[in-house]
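For the sequence shown, the numbering used here begins at 8 and goes up steadily by one. C-beta: ideal position from N, C-alpha, C; glycine also. From a predicted model like this one, the values you see are computed outputs, not experimental measurements. Structure, as structure tokens:
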Amino acid sequence: MRKNCGKIKTALWLTLQFKADFDRLLNIKNPTADEIAQAEKIKQVIEKRIADFHEQFRRVSPEEAEQIMGREDFLGAQAIQETFGFAPEEILPIPFEKEELERAKELGQFLVLRIDRILDGQPLTMQAMKEMLRGKWGPISVTDGLGHPGWCAEKKFYKEDVPQFSWALVTREPIPNSLQSKRYLEQMDMATRYLKEEIFQNQPMPRRYQAAVQEFESQKKTIRRILRKWGDGWQKGAEMLESSAINKLTRQSPVEALYDFLVYYKHNNTRLLPDSHVWTRCSSDGYMVDMSGLKEDHLFVSAHRLETETYLGNVGTILSRR
């Protein structure tokens, strides 16, 4: 549950008022017994309020997070060691509160620590993951919608992009109904509703999410109109979708999707989404990139023009947020 800044401000102001009363009593040269007792009582109130503040702002430790999420859905340093053969040199503080993790567990999400570098400091790209796991895994296949292998070998998202170094909460399954032949834009609508109605149930969304949803709502008609144009409309539409704030906040990049699938599999011996694909937030040459889950030891990277996406009944939305 996100902090209510107004309540915190009021509580802090009251604490400072108690401190002012305590200081006034402390400066009395010859206090009476009643004044001493009053000062002691105020001191206890201040100490209790300070302890409450500490507890309110205390970060959840990795050990506590694992206890909340359960071993299978906590992908921290141990899971990284199991997947790539080394433990991360730095463990970031977990940015989520206890209540958020408890809600995430209820919704079938997992918590994953994403790293962006390997031990020698080289970037952890999709290409690097494939090379690192050569011999340990079956091949990680790359194919386009027509089955052409190697189509993304020279793409930036494959050769250069790395996961953002962060903790993330990720849904194990596509959000409800997103696999039912829904267009990319429709699935973005579904993601915003899922945020409001499920993730931040009975509480206001954080401001950055509110701003991102408002931006999307203001641009949605324009994007839809552009996508319906002949010529390069679908390319411009794909670029707008990639740059939208709500996409950046709620979807994986291709390299993050690959990372999550691999780490989850090695930690749990369970393949996520073996029979479906998920859209990413990345566009490539006017196409939106999607990923399959692990099927046997293969993972497929595809891309589709948005004008054809209505026929893709097995491409859904995984919600991922940092």
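Burial is judged here by how many other beta carbons sit within 10 angstroms of a residue's own beta carbon; residue 82 has at least 16 and is buried.
Shown here for residue 131: same chain residues with a beta carbon closer than 7 Å to its own, the five before and five after excluded, namely 122, 123, 124, 125, 169, 170 in chain order. With contact defined as three or more Cβ pairs closer than 8 Å, the stretch 256-268 and the stretch 165-184 are in contact. Counting C-beta atoms within 10 angstroms of its own C-beta, residue 68 has fewer than 16 neighbours from the protein chains shown and is therefore classed as exposed.
Of the candidates 296, 273, 276, the residue whose Cα lies closest to the Cα of residue 284 is 296.
When DSSP states are grouped into helix, strand and coil, residue 99 belongs to the coil group.
For residue 213, DSSP assigns no beta-bridge partner whatsoever. The secondary-structure analysis by DSSP pairs residue 323 across a beta bridge with 285. When DSSP states are grouped into helix, strand and coil, residue 169 belongs to the coil group.
A direct Cα-Cα distance of roughly 7 Å separates residue 247 from residue 230. Per the DSSP secondary-structure output, residue 116 pairs in a beta bridge with 178. Approximately 6 Å separates the beta-carbon atoms of residue 178 and residue 115; this is inside 8 Å, confirming the contact.
When only Cα atoms are considered, residue 277 and residue 292 end up about 33 Å apart. When rounded, the separation of the alpha-carbon atoms in residue 206 and residue 194 is 16 Å.
Counting only residues of its own chain and dropping the five nearest sequence neighbours on each side, residue 80 has a CB closer than 6 Å to the CB of 117. Under DSSP, residue 309 forms a beta bridge with 297. The Cβ-Cβ distance between residue 191 and residue 313 falls below 8 Å.
Under a 10 Å Cβ-count criterion, residue 162 is classified as buried, with 16 or more other Cβ atoms of the shown protein chains found around its own Cβ. Residue pairing for residue 82: DSSP places it in a beta bridge opposite 119.
If you check the CB distance, residue 120 and residue 140 do not come in under 8 Å.
In this chain, the alpha helix (DSSP H) harbouring residue 200 covers 191-201. DSSP places residue 291 in the strand class (E or B) of the three-state scheme.
By the Cβ-count criterion, residue 299 is buried, with 16 or more other Cβ atoms from all chains shown falling within 10 Å of its own Cβ. The secondary-structure analysis by DSSP pairs residue 328 across a beta bridge with 176. With 16 or more other Cβ atoms inside 10 Å of its own Cβ, residue 290 counts as buried.
Per DSSP, the beta bridge partners of residue 130 are 124. By the neighbour-count criterion, in which 16 or more other beta carbons inside 10 Å mark a residue as buried, residue 233 falls on the buried side. Taking residue 223 as reference, the option from 28, 201, 38, 252 with the minimal CA-CA separation is 252. If you draw a 10 Å sphere on the C-beta of residue 111, you find 16 or more other C-beta atoms in it, and that means buried. In this chain, the alpha helix (DSSP H) harbouring residue 254 covers 252-257.
If you draw a 10 Å sphere on the C-beta of residue 174, you find 16 or more other C-beta atoms in it, and that means buried.
With a cutoff of 8 Å on beta-carbon distance, residue 53 and residue 22 are scored as near each other.
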